[in-house]
Each structure stands twice: as C-alpha cells, then as structure tokens.
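Chains as they are written, first to last, in the numbering used here: chain U, 1 to 347; chain F, 1001 to 1347; chain H, 2001 to 2347; chain L, 3001 to 3347.
Glycine residues also receive a C-beta, built at the ideal position from the N, C-alpha and C atoms.
The structure displayed is predicted, hence computed values, not measured ones.
Below: the structure, in structure tokens.
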C-alpha cells in the first residue's frame, strides 16, 4: 500500500514541485493538498503544468479532517507558520517533513537571532532531525520530524563536509559566494523579481546577514567539531532554477589535487545523489536542472595554495522538494532514490 | 523482457533527450548509442546531465554489429543521412523510427523540392508512416518505418486537424505564425544561435520557404481531403524549449465558441497528450516544458468572425523524442503513455 | 535658451526613459519631475541608472506651482488619469505630450468602448493630434496637445501605412501577430511578469480585445480612407525591450517584391527613423534596442501570393519616450532627430 | 577640427561598440575601419544596428594607406596580433590605444607566462601606459601607446585600489569572484556560448589560471607597493553585458563602515565615472548597462570582521570601448567624459 501524503502550502513553487515529483513515485500518493488561496479549486488551476496527471480539489483546511488517514505531511510554509502545525501533527504520531525553516536551527536563541521570533515549540527542536541525508541518514531513519534544509545550505554543507570533517581547512576563513536562480525567492511578487529588473542583471543581497547563515554554521560546526564562522554572500541571477556555490578555503595542511579527489570520493561513496566533477567538468547548474543531484568539484589552486569548491544543485529539487522526498524515502525504509531517478533536463 | 533500443546520432539534443526519457521507461532499455564525434567515450561525456543514470561506451559504428539483438532503432540524423540507413535496418526486419526528415514526405518530387536532394530509397516512402499518433495511430501500430514529424508540423497539424477534417475553414487562407525556442535549431554553432545574438532578440526566418511547409501541407491536405496551402512564418525566440503556434483561419460556416470547444473535445477524446485550454488559460510553452503534452486552445473572435488556434509543445519532447517514444509504444503494443507520464517542469 | 520640460509620472519605465534621453538633448532640459511615490526624494533613487547624470528632487505635486516656467509637459500616466490634467495644462497654454491613451482615440464613444470610461474632456479630442510623426508631421507642428501613440500601434501603423494609403491590400483581412518584451507591461508587479513565470515562456493574451485595436483601426482607416478591421494578437516574450510585429495581408492587385520595395522607399523617403530591411536582413528587435528606429521589411511570398510585413521597434523608445521627444522636436521647430541620434545597443 | 580615428578589428563586439559611441562624440570622427572579414562592405552590414548613423566601406588593409591622415588608432585584436602593428603605428608618431592584451603587462617574462608567446616588441612595453584613468591619468595624458585594461581587471582594480593604496588589507588573502555576461567571451562561436548551453546556466571557468590575473596582480602590486597575490575565479552568466565582481578581503587594522565610505569617497573624488553605492543600493550590472560607469560598494561585515567590495561595470563600455574613448579624451586634452555622458539603459 502506498504512503499517503498530505501537503500543506501546496500553491508555492516547492508545493508544486513536490506534487510533480510524487506523481511518478511508485510508493507514495498525494492524497490531500491545501493552501489558503485555492480552496474549492483543483490543484491544477494553480499548477496548470500538472493538468492531466493529477486532480485534487483543495478543501477548507481543518487540521483534524486533513490529517485523517495520512502517513506523512509535507509543510511548505513561511517560517513561523510551520511550528504550531508541526506540533499538532507530531502529537497525532504522523510523520512530518517541514520544508520551512522552523526546525532547522536547534538552539532557540539562535532561531530567535536569525528569525526575530520566539520559537512556538522549542521542546520539539531536539526531536527534529536536520534532513540532509548525506550527513544525517541514520537519524533521519528514526525521525518523526524532519527539518528539510534550506537551498543555499544544501549546496554549501555538501561542498564543505569532507574538508571540515577531516580538519583539512581553516574553519574561520571560509568565503562562500553563492548564486541563485529566481525561483529561490519564491512566488511572492517583489520589485526585485519583476522580470525587467532581474533579467539581464546580477546583484548581491543580504550581505553577511542572510538567515541561512544560522543553519550553515550550526551544521558545519557539528562536522568540524569546533565553531565555524562563514562569510556568505548570496547573489540573484537571471535563471529559473539552480544554485552555484563557489567556496574559497585555506588548507591547514599539505594537500594535493589527488588527495582532495580521494577524500571526496570516500566521503560520498554511498551517496547516490552526489556526483563528483573535476577541473575540466566544473559543476554547472544546467547539468542538475530538474534533478536531485548535487554536483561537486573540489579544486586545489597550486599557484596560491588555496582550495576552491564548487557545488551545483537545482534549488527546487535537491534544494527543497526532491530532498524532502529523499527524506521521506529514508523515513519509510525505502530506497532513498525511489521516484528521484531523474537525469537533469538539458538543455 | 525489455525492448532493446539502439540510437544512431546520439550526441545531438534529440539524442540526449531520447536517452533521458528512456532511462525511466519501464519496458525499454537503451542498449547501444552511436555518433561520429564520441567514439570510445561514455555517452555521459557528451551528455553530462545523464551521469549517474546510464553508462554506455560508444563503439566504432559498423551497421551489422550495431543492429545485432536490437528490437528498434531511433535515428537522429540530418536529412539525407537517414534514408540509406533506414533501408538497411528495414531489410533486417528491425523497426525503425526516424526523427529526421527523410520519410515524412510521401512524394519523391515533393521531397526533392523541399530538400533539394534525390531520395535514396523512394520505394520505402509508402512503407513508412507519418508518426503523428493523434492522427495516424492505427497505421503506426503496423508500421515498420515511422517518420517522426517535425517540431513545427506537430504543433501546427494538431492545432488544425479538427477544423480541416470537419471542413470548418477556408483551406487556402491559413496564416501560421510560429515561435520556437533555440534548441529547435540544434547543437550546431551558428551566428544566429550565438548567445549574444539571440538573447534579448526575436526575428522571423525562412519566410515562406521553411522545409516543414512540405509535410504540413501534405498532412493538412490529407485531413481536408483537398489541397491546403499555408502561410508559415517561423520565428526564433530566446528560450531553450518550446514552440507556440498562433494560427489564424477563416470559418466558412457559422460557428460559436461552444461549437469549437465541442469539436476539439470530440476529436481529441482519446488522446492522452492533448490538453484543451480556453481563453483564460491560453497555451503557454512553460506549461509543457519537459513534457509530451500539446496544449491547444481554439478561440472564436466574435468581433471579426475569425478563428485563432494556439498550440504549445516542447519541441524536444512532443516535437521530437517524446513523440518518438510514443510511436515506439504504439508499434510495440504498449500503452502509448508509457514512460511519458511527465508533468511539465514549472517553473 | 533650452526648452523647459516637466514630467508627470516620472517613476515608471517611460518616465525614466524620457529623462535618460533628455539628459543628452542639446535643446531641452528636464526642470521638474513628479510622481506619487517618490516625493521628497531625488529622481535617481527611483532610477539609480541615472545617478551622476541628473539630480532632481521631486516635490509635492501642486499643478500651478508645477507648471510655472515650463514650456512643455510630458504625461506618463495610466489612462483616465491624463485627461483632467491635460485640460488644465492646455488652458495655461503650455504644450503637452501625453504618453497615455486618453487622447489617441478621437471619437468619445470609441474611447468609452475600449477604455470603459467616459472621457473627461471630449471637447479637447479634436484639439489633439495623434503623434505619429511619419504620418501626421504637419499637424504635430501646430499641435498643442499630442497624443503619443501606443507601442503596438506604432509598430503596426508604420508597417501598414504604405500598403493601405496606396490601396494595395484587402482592408478586412489583416492578421497582426505582435510579440512584445516585458517592459511593455510596465512596472506594476503581476503574476504574469514575475520572472519565473515569463522567463523561458511565451503566450498570447487579450486575444481580439486589446485596447490598442481602437487606435490602430482608427489610424489605418484614415490612411485607407475606408473602414479597416484587424485581427490583432499580442504575445509576451522574455526580453526586456522590443516589439516585433508580423503582419499578414492579401494584395488586391498584381504586385512584385520590387514594387513593394519601391513603394516603401518612396513613402518613407523623408523619415529619418524608418530603416527598410529586406528578406536577408529581416527586422530584429535587437538591432533597434535603445534607439528610435523602426525597422520594416515588406516581403512578397511568391508561392502563396500574400504579403508579410515585419516591423521592429524598441517599445520604450520609438514606442514611447523616444517618439515623444521626436514629437517635442517637431512641435518646437527643431530637427526631429535632435537628441535621438542613437544607434541601437548591440548586443 | 575633429580627431580622426581609425579602427583595426572593427567587426567584433568592442569594434562595434567603439563606433556606436564615437558616432555621438562631438570631437572625434571614425574615418576608417578595417577587418579581415568585411572588406568591400559597409561597416553597417556587420553592425546592422548602426545603419542610418554611419556609412563606411572597409578597404583592403594596407597599413601605410590606412594610417594616412589619422590622429589615433584603436586596435581591437586578439593578443599577439596587436604588438607588431602597434610598433608600426608608434613609429609613424600616431597615437594608439590597444584594446587587446599585448601592452598591459610590463615585464616580457610575465607576458610570456600568461600568454605563452614571446612579445614582438618588448622595447615598447615601457613606452606604453596601462590605461586605467582613475589610477594612471597623468601618465595617460602623455602616452603615445595606451594599453586599455581587460574587462575583469577594470572591475577588480577599481574595487581594490583604495584599500591597497592605503594598506588597509592583507595583500595575500584576496578572493575575487567575478561574474561576466557572455559578450565578454567575444563573437567567436563556441560550445560554451551557444545559446542553449549558457542560457539558464552558470559555471566557473579557468579557475586560478585566467590570463587577466597577470595584469591584475601587476597593477595591485603597484598600488600596494608590495607583491599582491590573488585568487580569481571568473564565472559566465546568461546576460549580454556586465561584470559583477564580489571581492573578499581581510582588514589588517581596525576599521568601520564610515571609515570605508570616507576612504573611497576621497580616493575617487575627481573620478566622474565612479559611483559609490552602499549596502542598500549594492551595485547591479543593470544600472551600468550601456554606460561608462563603475559602481562600487565597500561593505564592512561586522559579524565576521571582513570587508566585501562589490563592483559593477558594462564589460563592453567601461570594460573596453568606453574606457578606450575615455583614454583618447585624456590623451588629446579633452574632458574625459566627452561623448560618454551616458546613463545606463534601464531596463
């Protein structure tokens, strides 16, 4: 029998992507989807691309009715909105995967620092698992609440994990320059994402204070077993999907390109969604478009002695909905690649 | 046992798309792929997006060796290159689906007129079937050679078929204004498809003499049971994938919007890849991106008494590789949607 | 002494473009600019591209104060908003160029039909001149109110004028398929112009009922000296600037390509902003980007006997602010090209 | 009397941009333009955007004939091609501005290291001046040979000069992450710049070995009065024009945001093409599109103690042809802004 899935917040980009991906999942089925803006309508009115593949009328949201018969709930809501709902779902012993930010940061004070909000149920923070399967797979298997990582953090943590876990680099001199497609900014209309503004344009934003810094430093510190501080600068670029992170670090020991390659190969040996690239095939966002892959290339710059790591993901797949389904697979004991064997759409 | 597939011309965009789609086909498997430029290398060196999903070393092409054990061959070659190969494959009783132009036009003189070339095996033209499943499904079932339609023709013929088959419109006053993404022009480098030229640009090309006119007029004439002459103007627009055709016709009898809607619904009743849209949900190429759907909306303009039909496809899927797989499914007695249950990637 | 210019509605795209172009005008100077959203701020806060070239604090709008010492006022306001202001400016004997729609349509009932609004000062409609210099230059010289044409109408009327004025074509079988960049939709945020929606997309909108039909049919009928009815379908494409109109018409007399070329050359002999192109150099929006040119190519399709005319403009320049300045030049007895000798920005 | 200009290598993007900008220069006139591919044709056949603004038939190139009556020659040629020509022009006492790389690097061995070529006239290297007017204005005034800086170096050196000249930062920990539009890669067709590849894509290239590193380190070392070593990573992004450089450095003394702002204001006090921005108005390539401005914002990140400097230019204007004209103005004693008072085209 298939896993019965409910989606709260189904009208956004990640909601639509969840449905698109789950339509082809052999062991899961979207039973319910809800959102404030589409009550009474079929989900394909909001997501016309899905017409012909699914039909699902959204009902007025009432939590008890909604949760009935569900095995797992995906939440795709703004921060602050998830926490109270997660609590209710958790109490009903239904698994929950939160694509929002509310359960990513484990220390309530840190959450408050980055989100300027008191956490609604701090007692559940330790119950939840940071859902980056390449790092936390064993915990995800047993988790009842999974906090699906942010898009930038996914691209960054996966790029740096082998270096920090092996104490190869200076943990306080990490420069992260990330470039994101516009879907990362969501469906809400803003001056910045109005076509004539971002088209033919590139700019940095939230320099040094993007909220994702919190979860990145938390996870990198865990890996390094010491406090890690990063410089993180996100940029918006005129593409739909994709994040490329270019990360500059300083080795604290002698290292060669061969060492680096070996290190990454061993670290990611059993990770089906990590593809290692090299200097001649540097990660490109278009190679991962529509797929759950994270392409990574660690490069040793002999001239300067620095290491530069590049990683590319599709922010809506490995950076959100695909990773959420990967987490679901792991939570339910399925092969983690189930329903996610998607080559990137190129071109 | 799975259908054993061979692909000749595997390095182009349609070759890559065939492999991408077949990877997830439950009843078919790509066994061999060949091309001039990639001998000795893995197919994923040319198509890095496919890395992790398939591994297939291309061998020096020798037709007998290549055909051994294959059930079907897809050809993705320039016009003139397919015909001799098709003949050899046909003689070995292996099914063949030609994504090129060589078998689309049934009259050798017409082929010569549009392609400025004598046909290499005119005797096989009548053996081959024009592979537009919504029109020729029964013939495709029995076909040994399927000529997969061109991308523009697919979008045009599907948009006009119900009107011409029912003699609703003047068959000599058909204005077709099509807009295509740049993948339609292929992988060959040209001044026109150099990024700085086509980006932020739009222009018409081959006004009144595009080769696709031949197959469109042939098929529309068959549907209308009378000679159809069209005005066809293709345009290049700065998107990767997608064709939008806007078609202007003149009804020869009284008609209403309701009549039109009913006509199209009935005509396409059993066609899983046709999605009918209306004035409020006019076809958009982005709703079909990555999918095998053709979205169609016939609109009656009351003020002027004209009919305007819009159709949108992904030129690499319904306009090429997806349709080729749909044809394969039909030729092998499978459900025509097998492996093609793809919602469009949005955004 | 320089012409003293005031701009009402200075924060939109056409307002910004007016200022950008006027900065380099040798005989005009922007003295005042106003808008609701930017009072108290420098105009370069809304248009950061202009920083360093101009500084102009916007004051609370009070019409008498605003008009003081001005020679001409440009209005860049939504329809319905211009009319009352134009009346006041006109009464003070100050020249006015309205980039909005309120004075383009000469018959109040037609205005009401297309804009669903009673005109605020119908008595001024006959005082105003439709500001398409290539057609109405003599009237513009004497005009006190100039109604600057819409962007689509500019591209359409210029493409068809020689044919209709010379009664070459059937005036009731005119198919106009126009494609516009996204700045044509203005600065207001909409779902349609959100980057992830319109990027990698194309679609038609307002099929058969776009408001520009009114002014196009009015002007074409004047040229043809008989009622002209058009089919007009606008499309949105993912570029910033540019309109390409592809226009399909049926000759009512024998004609050749040479006749067509001669006809257009003669008609536009003294028009410095019309560039005639041919089959090998079909109009491309990128050749006119940032310039006041309208590139036109009339093509005779021998196979079908139809004529197809292509025209390309930059919707913010020849389709709006550049043309407005061209009108100002003519109204003030200057060379019409003054300040507008701009080659297109390519690439 | 106007400066008589000759252009060698007129068919590329920078050649076309030189002509476009010089058309409106009040004190200069393009008298001759030459290139291998367009002999016998008008320059507007290669640059159709310029039609109507200039007419200039390209003649068979013969250096003596070409140089006759010229006051200055611009060279827009690949590296290695300029040097011999520059020598000949220099010997005839005609001023020369080389947009190529041959005279940027002052030490022949360094030139050989980066360009893998012996320099054709090393004796002239000391005669030539690195044409970055904000740094070398006095030398440019007297120069006979100006080596126009590369596009990346312009964006980088201008961003870092105030910090290095004032010894604010660690000169051996400079991370430069640059993103360039596709015109930076020139007009030559490549797989990388084929529209379907770079559209919807981003990737790094030439990590740690891009040729521009040579001139950047040379100039930064001069400013710092000590050896500077940089990490430079260029990326290609899907826009036509624009470079955004994001530069990460480590202060070696206590500093505040106010200090930084003051430092940059003073350093660039008399530089009309430098516009300083701040955290709320971070540089965006679209604000400088088509203009000669370099927008710069130095940001102090309090949380980490690092400095991040952003700079944005149009690679074809301030990064090439605009800067070349700025150099010409200075060499001929004109106001350096003459003909370059161009606000950015937005949007």
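Note to self: Which residues in chain H have a C-beta closer than 8 Å to the C-beta of residue 1244/F? List them in chain order.
What the structure shows: 2202, 2203, 2204 and 2235
Next item on the list: Name, in chain order, the residues that DSSP records as bridge partners for residue 75/U.
Entry: 8/U and 98/U
Check: When we look at the beta-carbon of residue 1/U and count the other beta-carbons within 10 Å, is it buried (16 or more) or exposed?
Finding: exposed
Check: My guess is that residue 1204/F and residue 2310/H are in contact by the Cβ rule of under 8 Å, so how many angstroms apart are they, rounded?
Finding: 6 Å
Item checked: Endpoints, the alpha helix (DSSP H) within which residue 147/U is located -> Here residue 147/U belongs to no alpha helix (DSSP H); instead the beta strand (DSSP E) covers 145-147.
Next item on the list: Could you have a look at residue 3067/L and say whether DSSP puts it in helix, strand or coil?
Entry: helix
Note to self: Any C-beta of chain H within less than 8 Å: which residues of the region 1272-1302 of chain F qualify?
What the structure shows: 1279, 1282, 1283, 1284, 1285, 1286, 1289, 1299, 1301 and 1302
Margin query: As an exercise, report each continuous alpha helix (DSSP H) stretch of at least 4 residues that is fully enclosed by the region 3097-3165 of chain L, in chain order.
Written below: 3108-3115, 3133-3142 and 3151-3165
Check: Whose C-beta lies closer than 7 Å to the C-beta of residue 2198/H among residues of the same chain, with five residues either side of it excluded?
Finding: 2182, 2192, 2236 and 2238
Next item on the list: Assign residue 2117/H to buried or exposed, taking buried as 16 or more other Cβ atoms, counted over all protein chains shown, within 10 Å of its Cβ.
Entry: exposed
Note to self: With a threshold of 9 Å between beta-carbons, can residue 3196/L be considered close to chain F, or not?
What the structure shows: yes
Notebook entry, point to check: Name the chain H residues whose beta carbon is nearer than 7 Å to that of residue 1347/F?
Noted result: 2196 and 2197
Item checked: Closest by C-alpha distance to residue 1148/F, when choosing among 1082/F, 1167/F, 1168/F and 1164/F -> 1082/F
Checklist line | Within chain L, partners of residue 2102/H - CB distance below 9 Å | finding: Simply none; closest approach about 25 Å.
Checklist line | Straight-line Cα distance separating residue 262/U from residue 3221/L | finding: 36 Å
Next item on the list: Please look up how many angstroms separate the CB atoms of residue 3232/L and residue 3299/L, rounded, as I've assumed it's under 8 Å.
Entry: At roughly 20 Å, the Cβ-Cβ gap does not stay under 8 Å, so residue 3232/L and residue 3299/L are not in contact.
Check: Among residues of its own chain, excluding the 5 on either side of residue 3080/L, which ones have a beta-carbon nearer than 8 Å to its beta-carbon?
Finding: 3102, 3115, 3117 and 3120
Next item on the list: Report yes or no: is there a C-beta of chain F within less than 9 Å of the C-beta of residue 3248/L?
Entry: no
Check: Any idea which residues DSSP pairs residue 2033/H with across the strands?
Finding: 2007/H
Next item on the list: Classify residue 113/U as buried or exposed, calling it buried when 16 or more other Cβ atoms lie within 10 Å of its own Cβ.
Entry: exposed
Notebook entry, point to check: Which of the three DSSP states, helix, strand or coil, is assigned to residue 1272/F?
Noted result: coil
Next item on the list: Give the range of the alpha helix (DSSP H) segment to which residue 43/U is assigned.
Entry: 43-46
Notebook entry, point to check: Whose Cβ in chain F lies nearer than 8 Å to the Cβ of residue 2231/H?
Noted result: 1248, 1301, 1304, 1306 and 1308
Check: If the cut is a Cβ gap below 7 Å, which residues of chain H does residue 3343/L touch?
Finding: 2020, 2023, 2049, 2050 and 2053
Next item on the list: Give a yes or no on whether 9 Å exceeds the smallest Cβ distance from residue 1166/F to chain H.
Entry: no
Note to self: Taking 6 Å as the limit between beta carbons, can you name the residues of its chain near residue 1084/F, skipping five residues before and five after?
What the structure shows: 1120
Item checked: Any chain H beta carbon closer than 9 Å to residue 3264/L -> no
Check: Roughly how many angstroms separate the alpha carbons of residue 2022/H and residue 3330/L, rounded to a whole number?
Finding: 26 Å
Item checked: Between the CA atoms of residue 293/U and residue 273/U - distance to the nearest angstrom -> 5 Å
Check: Expressed to the nearest angstrom, what Euclidean distance is found between the alpha-carbon atoms of residue 1064/F and residue 1089/F?
Finding: 9 Å
Check: How about residue 3202/L and residue 3216/L: are their beta carbons less than 9 Å apart?
Finding: no
Next item on the list: Using a Cβ cut-off of 9 Å (strictly closer), state whether residue 3314/L contacts chain F.
Entry: no
Margin query: Using the three-state DSSP reduction, which class does residue 1194/F fall into: helix, strand or coil?
Written below: strand
Item checked: Residues bridged to residue 1177/F (per DSSP) -> 1233/F and 1246/F
Checklist line | Closer than 9 Å to chain L by CB, residue 177/U | finding: yes
Next item on the list: Under 7 Å between beta-carbons, which chain L residues line up against residue 1193/F? List them in chain order, please.
Entry: 3194 and 3195
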